[in-house]
Structures are given as C-alpha cells and as structure tokens.
Amino acid sequence: MLDPQLLRNNPEEVKTAMQRHGADLDLEIFNALETQRKDIQVKTQNLQNERNKRSKSIGMAKAKGEDIQPLLDSVSQLGDELKAAETELQGIQSKLQAIQLSLPNILADDVPLGKDEENNVELRKWGAIPQYDFDVKDHVDLGQSLAGIDFEAGAKIAGSRFVTLSGPLARLQRALTQFMLDMHVDQHGYRETYVPYLVNKDSLLGTGQLPKFEEDLFKISDDSPYYLIPTAEVPVTNLVRDEIIAVGDMPLKFVAHTPCFRSEAGAYGRDVRGMIRQHQFEKVELVQVVKASDSEQAHEQLTQHAESILQALNLPYRLMLLCSGDTGFSATKTYDLEVWLPGQEAYREISSCSNFNDFQARRLKARWRNPETGKPELVHTINGSGLAVGRTLIAVMENYQQADGSIKVPDALQPYMGKITSITL
RNA sequence: GGAGAGAUGUCAGAGUGGCCGAAUGAGCACGCUUGGAAAGCGUGUGUACCGCAAGGUACCGAGGGUUCGAAUCCCUCUCUCUCCA
C-alpha cells in the first residue's frame, strides 16, 4: 500500500509512477472520493462530538437528580443523522481502500523502463558455461534414465505439473535444502524458522498477494478460510504483522524452507516439459526486516547471500535487474538470479530478490520504534529465494552430468549425501 | 465431541452502563537525592486520523446489535485456558 499522504498530496505524481508500473489511477474518481471523504469525515466527527457532549450532560444531570427528559428529546434526532453519516463514510472509505489496495508499489528510480523480460538488464555474469564432448541431456531424460524423476506418477497421484522424486535424486533435493539452510544460518546470520503452509486472508493481504492475485493461489475450499502458501514470504513476513519491533532486534533476518503452491493460471503452454514449472515445489526463502535507511544495502546483501549458494555449487548464473514491466506488484526493485541450464541452453530464473520498501509494512502495520523520536516507523521488508530448491536440483543435474548419464555430486553436497560422489542407476 | 472460564496499554492487573483512553503496580525515560550505587522522591510514558493550533474523533480479541450514552449488556465468530468424554 502506498502512503495515503503521498496519494492525497501528490496524486499526479503518483499517477505517473503508477503508469510506470503498468497500472492506472483514475484521478477524477479518486479526487472526488477524497473530497467526499473529507467532508463526511468532518461531519461525522462533529456529530459524534455533539452526541458525546450531550450524552455526558445527560449523565451529569441524572447524577444530580435533575429531569433529563428534555435533554433526551433534544438528542433523539441526532442518532439517525449520525448513523447515516457513519454509513456513508464507511462506504466511501471502503471504496478508497479498494483503490489503495489495487495500486502497485512505486518503482525505484534505477529500474529500467520496459515491457517484459526482454527488457531486463543483465548486471553481471558468474561462472564459465561448461563445454561437453558428448550429447547433453536435460533433467527429464537424466531423471528418467536414473529412475529418479517420475512425471507419470505425479500426474496419476495428483495431476499435471506434479512430480515424484525417488532414491538418490530425492535425497539430492533434501541435501540441497539442508545445505542452503545451513549456509544461511551459519554464515549469513539468518534465524531458521518453521511456519504454517496454510495461511489466512489477512496474511495474503499483508504481503500483497490479495486482493489482486487470488487466481494464482490454491484455496482450500469455499468454507475454509485457508490458502496454500505460494511462497514462504507470506507466513514469514507476516510474523511482524501488527508488531512494533524493538530497535535492538533490528534487523530481523529469517530463513525458512517450505513447499510452495502455485496455480500457474495463465501459464498454460509454458514449460510443460520437466520440473521447471510445478504446482508444488520446495524453496528456501530469505526475509529481512530492516530500517528504512538500511533497505537498499540489505537488498544487495540478501541478493549476494542467494548468489553465494550458486557459487558454492559452482553453477554459472547471471544477475538481472528486472525492468518496470517485469517487476512484481509489491516490489520497488527486483533482482533475478538466472542459472545456466545446459539442457535448455538458456539461463532460467532460480531466485528473485525484491525490496518492498514500506509497501508491505504499511499493509502489515509492521513498525519499529525509533529511539531518536520515540515514535514507531514503518519497517522495510526484503525477501528473496535462496534458492528455489526444485530448480537448483535441475541445475545440478544438468550441469554435473557425465557422458555415461551419471551425475557427479558437487563437493559442497557430499557431506549431505552419505559421502557418495556420483549418482548412477 | 461436551461443560465452563477468559481475551483490557510494554507486562501484570482493576474496572459489570455515564466523570474511563482507562485505577494500581512493575518496567522504561528524564530529573532530584548520593562520593558512587541501591533504595527513595518527582515527572513523563499507546496507536491512528482530522486540524496552523487549541482541540476533536476512533480504538479495551474481531464483527454486528441494544441505548441519549458501551471496556461494561445482547448476538455471531476467532483464539487461549481448565475439566469431562
């Protein structure tokens, strides 16, 4: 949510910023509602004041044993008027709120203008793209020949875009998860966190998935208020909802491993082959809650934490700065890490690291107390995948494949793999 | 599944229709006191919105209702605790 002050005081500026982020603000409607709101709010508060004063005088008169009937008569009409004003105010406020909830975050100045991922800007590349003297397979072929990935089983048990893993490949996924968690906890100072995989509506409103993106989510049922989490960002960031954080506890750094569930509505033909785009996948998520003055630096730092996993696994990748059209609704700026997949001969997203500034914090009412002013201030939230485990599994398989179809276990993962050095049939 | 109790400010905890944004205590901050500390004393200490300000409005788990007036009464929901199955 944007700062309502900004919206009221500089609506033109906000409108321009919204257009940059692919949204529109109808100033005519907004200004009209704002004017009405002001009038009716003042009117309502005056009526409330009047009622409070008279009610108080009735109380005092009664205490003195005076006749209160004339006073009662004089307020009889006030109640109806007040109720009407309150109802009207409520209506306007919910309309204004709907507008506010539908507006995306204002993009950072250095976000390049662009329509879609074609316009993202490559900031740096890491690692050499491996050369092979044999025919490279993708993870689907590798997984099938190693009898470790079974799409038919996933489809039978659940449906399309589900998969089963078994044997050493299932273990490899677990190894990756453990490795990532350990690295973020031991070397990067994150606090390991276990959270619910089902969340309520308030949490999704807080991080910005609702009200606009309900179709991307799995809802448990119509009578149950729960949704499956699309990312650990939702439960973890909501830890600070309605909280005022002590200055000594800042910054908060959480890491959580969870499954993620996405309906992938609108991705019909895309990535139908393989494990790239699944309804269910594992992810290790990094979340930081910081002071406003620290958020840019924290965003860079968190991105580097995600990068360090790729580096430790020796997987080539590139860092992309997302353009305006590709940056998510709640983000002010997003870096994507794209890992090299030999099977596709392409870089594919494996992590998305975003700074939300105070956009989520305002919805969440997440604040910290500034000791200099003694006042609560909104925090800034930053999160990123560190990393998407399913896609990392793919990347390891494809990058570490050998001529005989086996997969070498990266050195960093060997302690987690019972010391085996290679995955073979 | 059944029966009961409860949810109040940073915390503990009073308040069962009006003078309650809310006693009291603890904590915290500042000041006094002291050689220094403890104790003691004094003052202050929620959030949001409107307003230049004075001031006003809302908020006592959430949402509705009754009433001139609700933390307090009624209804629904959520959560916590105790007991029974």
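Numbering-wise (the working numbering), the first sequence opens with residue 623 and increments by one.
All residues carry an ideal CB built from backbone N, CA and C; glycine is no exception.
At a cut-off of 4 residues, the continuous stretches assigned as alpha helix (DSSP H) that sit fully inside the stretch 944-1000 are 981-986. When Cβ pairs closer than 8 Å are counted between the two stretches, the stretch 725-733 is seen not to touch the stretch 907-915, the count staying below three. Rounded to whole angstroms, the gap between the alpha carbons of leucine 874 and methionine 802 is 19 Å. By the Cβ neighbour-count rule, phenylalanine 756 is exposed, with fewer than 16 other Cβ atoms within 10 Å of its own. The C-beta distance from glutamate 886 to arginine 783 rounds to 6 Å, short enough to meet the 8 Å contact threshold. For glutamine 933, the enclosing alpha helix (DSSP H) starts and ends at 917-934. For isoleucine 751, the CB contacts under 6 Å within the same chain, skipping 5 residues up- and downstream, are Pro938 and Trp962 in chain order.
The C-alpha of lysine 747 lies about 52 Å from the C-alpha of arginine 659. Following the DSSP letters along the chain, one finds proline 881 inside the beta strand (DSSP E) bounded by residues 874-883. Taking C-beta atoms as the reference points, leucine 908 and valine 877 count as a pair closer than 7 Å. The C-alpha of threonine 954 lies about 33 Å from the C-alpha of alanine 797. Beta-carbon to beta-carbon, leucine 745 and leucine 941 are separated by about 5 Å, close enough to satisfy the 8 Å threshold.
Membership of serine 825 in the alpha helix (DSSP H) is indicated by the continuous run 823-829. Proximity of the stretch 988-999 to the stretch 753-767 falls short of the contact definition, fewer than three beta-carbon pairs being nearer than 8 Å. Within the DSSP secondary-structure output, asparagine 1005 pairs in a beta bridge with Val909 and Ser976. Residue burial is scored here from C-beta neighbours: methionine 1019 has at least 16 other C-beta atoms within 10 angstroms and is therefore classed as buried. Under the three-state reduction of DSSP output, lysine 759 falls in the coil class, being neither helix nor strand. Scanning the stretch 713-742 from its first residue to its last, no whole beta strand (DSSP E) run of 3-plus residues comes out. Cα atoms of phenylalanine 840 and serine 917: separation of roughly 31 Å, rounded to the nearest angstrom. Looking at the backbone, the Cα of glutamine 719 and that of threonine 859 are separated by about 22 Å. Restricting attention to alpha helix (DSSP H) runs no shorter than 4 residues, the stretch 672-704 encloses none. When secondary structure is reduced to three states using DSSP, arginine 899 falls in the coil class, being assigned neither helix nor strand. Spanning the alpha carbons of valine 894 and alanine 775 requires a straight line of approximately 16 Å.
For alanine 1017, the enclosing alpha helix (DSSP H) has its first and last residue at 1011-1021. One Cα belongs to serine 843, the other to leucine 850, and the distance between them is close to 11 Å.
Isoleucine 680 has its alpha-carbon roughly 8 Å from the corresponding atom of leucine 694. Looking at Pro881, Gln900, Val869 and Phe883, the one whose alpha-carbon comes closest to that of tyrosine 890 is Gln900. Looking at Arg884, Val807, Phe903 and Ile714, the one whose alpha-carbon comes closest to that of threonine 657 is Ile714. Counting C-beta atoms within 10 angstroms of its own C-beta, leucine 649 has fewer than 16 neighbours from the protein chains shown and is therefore classed as exposed. Your pair leucine 735 and cysteine 882 does not check out as a contact, with CB atoms roughly 30 Å apart and the cut at 8 Å.
A direct Cα-to-Cα measurement between glutamate 929 and cysteine 975 gives close to 10 Å. Short of 6 Å from the beta carbon of asparagine 992, and not among the five residues preceding or following it, lie these beta carbons of its own chain, in chain order: Glu999. Using a Cβ distance threshold of 7 Å, aspartate 738 and glycine 947 count as a contacting pair.
A check of alpha carbon separations from proline 626 across Gln800, Asn653 and Gly950 identifies Asn653 as the nearest.
A direct Cα-Cα distance of roughly 11 Å separates methionine 682 from aspartate 689. Nearest Cα to alanine 706 within the set Pro833, Gln691, Gln663 and Asn741: Gln663.
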